[in-house]
Structures are given as structure tokens and as C-alpha cells.
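The sequence shown begins at 1 in full-length UniProt numbering and counts up by one. Think of the CB as a built atom: it goes at the ideal place given N, C-alpha and C, for glycine as much as any other residue. Keep in mind that this is a model prediction, so the values were computed, not measured.
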Amino acid sequence: MIRPSLEDAYAACEAITRREARNFYYGIRLLPPQKRSALCAVYALARRIDDIGDEEGPFAEKATALAAVRAALHGAADPADPVMVAVTDAAAHYPIPMGAFEELVDGVTADVRMDADPDVTTGFYATFDDMAGYCRSVAGSVGRLCLGIFGSMEHPDSPGYADALGIALQQTNILRDVREDLQNGRVYLPREELEQFQAELVLDEHGVLVDKSGGLAELIRFSAERARDWYAEGLRLVPLLDRRSAACTLAMAGIYRRLLEEIAADPASVYHQRRSLSGWQKAGVAAKALAGMGRIA
Numbered sequence: 001m002i003r004p005s006l007e008d009a010y011a012a013c014e015a016i017t018r019r020e021a022r023n024f025y026y027g028i029r030l031l032p033p034q035k036r037s038a039l040c041a042v043y044a045l046a047r048r049i050d051d052i053g054d055e056e057g058p059f060a061e062k063a064t065a066l067a068a069v070r071a072a073l074h075g076a077a078d079p080a081d082p083v084m085v086a087v088t089d090a091a092a093h094y095p096i097p098m099g100a101f102e103e104l105v106d107g108v109t110a111d112v113r114m115d116a117d118p119d120v121t122t123g124f125y126a127t128f129d130d131m132a133g134y135c136r137s138v139a140g141s142v143g144r145l146c147l148g149i150f151g152s153m154e155h156p157d158s159p160g161y162a163d164a165l166g167i168a169l170q171q172t173n174i175l176r177d178v179r180e181d182l183q184n185g186r187v188y189l190p191r192e193e194l195e196q197f198q199a200e201l202v203l204d205e206h207g208v209l210v211d212k213s214g215g216l217a218e219l220i221r222f223s224a225e226r227a228r229d230w231y232a233e234g235l236r237l238v239p240l241l242d243r244r245s246a247a248c249t250l251a252m253a254g255i256y257r258r259l260l261e262e263i264a265a266d267p268a269s270v271y272h273q274r275r276s277l278s279g280w281q282k283a284g285v286a287a288k289a290l291a292g293m294g295r296i297a
């Protein structure tokens, strides 16, 4: 294959982002063109890594695919790969912490190992700290990748805020997807908290979560309250960003935070469906972010 032009490489990444980033793209499109293209490149590679973990196939096959990504990050990329062409160019223009992609690979590797756990319904992660470590790998890493493109005022805590915001978003994902993850043989909720709330993860014959004692609903509300603290910490990044980068961050975080509040208000709503905001709701959050109205932590 012929090496794609930079224009074609970035166009391919933007097409992936528009198609796959159902929530993030509402924020990404608020960026100026050059930053938008760079962030689409980052998203496209992150999406590729994530998809390796979610696709069907044996552990060895997925491990090989993840190893190929690591090799590409160290200079062994296919020169005809538009995603790597775009990411390499973006990294030449922005201080993107490329090591964060390898952290993402580590997190997806943990997902793949979970698939092989015969007793995962008891909880793959023993404690919240264990789960937070996973969240840091798969989502905090993405927050820091975004920060490399956004840029920020000189502040020693900027990477930590970006990390916290990614962890907050991932906690929201875990609560939203608890049913779907269980159907796929994965449990992210900490084992000690499942035991503390006497929450059983059981699907009925229709694939609906059964919560006879109400313990799962209590755990979801408890987890949502904790996630709010992570959002508050992560959103301390916003005043350190330029207006468009701040708007992007507020839009992405705002969509997930609103989703978190809807789940907290009605935990049972995730027992039979994958909750999401409507397109109009997402657009409204993005519009408020661009207008600077979403800066409340």
C-alpha cells in the first residue's frame, strides 16, 4: 500500500471519530481545526487499542495484536497506516505523552485477562483502588493525551487533573455498562464493595439484571457519589485551558456527568438497557460549554 498523505490520514481519523465517538465528538468538534485533527488522530489510535480488547478471539491473538501496537509506537508502524501517520505527525506538533498509549495497552490487556477469569462475577478487582488503577490506565491515560494537545498554563497538577477527569468518565462508563459488561463476562465493580452492599450480579432469562435485595442500586448510588468527587477534582483543569480547549473538556465531561446523574437518580434503569443521552441533550451540553456556561464543578 502507498503511504497516505497527511490530509488523507487525518481525514481517515476524523471519519473514525465521527463514527465511533458518540459522546466525545460533541466536544472535539469545538476545537480549532489543527487541534481537532490532532485529537481525532489520538482518538482513532485509542479506539483501535480498545477494540482489540472487545473483539472476539483468544487471548493469544489479542495479545499479539496489542504487541503490534506497542511495536508501532516504538517506530515499527506500517507506513501505509493512516492512523499512525496522523498520530506521528500530531506528536511532532504537540507534546503528546506517547507513553500514555502504552498505559492504555496495559489496561486493555487487563480486560483480556478478565475474559479468561472463570469466576469473574465475584469481582475481578478486589478494591476500589485496584479498579481506579485500571481506570487510570484506560481513561486517565486518554485525559493526559488530550492535555498534550490542549496545552495549559504551567501548573504542576495539570496532568493529575486530566488523569482524574478520565477516571471520573470511566467510573461513569462502568456504572452505565454494568449489565452489558456482565453479559460479556466482565465485572469492574470492586469485590469488597459488592460484598459490602450484598449486591449480586445475576441476569435473568431475558438478560436483565436481578437486584432482589436492592443492594446493587445502593452500590450504584454510592459509586456515583464518589465519581462526583473525581469530576470535581478533574474539572479543576478547566481554568488552566484556553477557551476552546476548556469548552471541549466541559462538553465531554458534561455529557458524562449528566449521564451519571441520571443513573444515580434511577439505578434500575441500567438493569435492562444501556443508558445514553439523546443527540439534542448532548448538543445542548456542548452549546453551554462553548458559551462558558458549564464551568460549575
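Identify, in the order they occur along the chain, each residue of the same chain with its Cβ nearer than 7 Å to the Cβ of residue 311, setting aside the five sequence neighbours on each side.
Given a span of 1 to 297 for the chain in the structure shown, any question on residue 311 remains unanswerable.
Let me know if Glu193 comes out buried or exposed under the rule of 16 or more other beta-carbons within 10 Å of its beta-carbon.
Here residue 193 refers to the residue found at position 193 of the sequence shown. By the neighbour-count rule (16 or more Cβ atoms within 10 Å), Glu193 is buried.
Helix, strand or coil: which one does DSSP assign to Ala297?
One-based indexing of the sequence shown puts residue 297 at position 297. No answer about Ala297 holds up, because its pLDDT of 34 lies below 50 and its placement is not dependable.
Determine which residues share a DSSP beta bridge with Leu66 and list them.
The sequence position of residue 66 within the sequence shown is 66, counting from 1. Per DSSP, none; premise fails for Leu66.
Report the option in Leu66, Leu45, Asp177 whose CA atom is closest to the CA atom of Ala90.
By one-based count along the sequence shown, residue 90 stands at place 90. When each option's Cα is compared against that of Ala90, the closest is Leu45.
Taking only runs of the alpha helix (DSSP H) that begin and end inside the segment 150-179, which ones reach a length of at least 4 residues, in chain order?
DSSP runs (the alpha helix (DSSP H)) wholly in the segment 150-179: 158-176.
Going straight from the alpha carbon of Leu147 to that of Asp266, what length do you get?
Taking the first residue of the sequence shown as position 1, residue 147 is located at position 147. Taking the first residue of the sequence shown as position 1, residue 266 is located at position 266. Straight-line Cα distance between these residues: approximately 33 Å.
For the candidate residues Ala15, Gly284, Ala253, Asn184, whose alpha-carbon lies nearest to that of Gly143?
Counted from its first residue, the sequence shown places residue 143 at position 143. For Gly143, the nearest C-alpha among the options comes from Ala253.
Hey, Ile149 and Ile96 are a contact pair by Cβ (cut 8 Å); roughly how many whole angstroms apart?
Within the sequence shown, the letter at position 149 stands for residue 149. Within the sequence shown, the letter at position 96 stands for residue 96. 7 Å between Cβ atoms; contact.
According to DSSP, what are the bridge partners of Leu209?
What you label residue 209 is simply residue 209 of the sequence shown in a count that begins at 1. In the DSSP output, where bridge partners are listed per residue, Leu209 has Leu203.
Going by C-alpha distance, which of Val105, Cys248, Asp229 is nearest Pro33?
Taking the sequence shown and counting its residues from 1, one reaches residue 33 at position 33. The candidate whose alpha carbon is nearest that of Pro33 is Cys248.
Use the C-beta contact count for Met84: other C-beta atoms within 10 angstroms, 16 or more gives buried, fewer gives exposed.
The residue labelled residue 84 in the question sits at position 84 within the sequence shown. It counts as buried.
Just to confirm, is the Cβ distance from Ser137 to Gly107 under 7 Å?
Translated into the one-based positions of the sequence shown, residue 137 becomes position 137. Translated into the one-based positions of the sequence shown, residue 107 becomes position 107. Yes; because the gap between Cβ atoms is below 7 Å, this pair is in contact.
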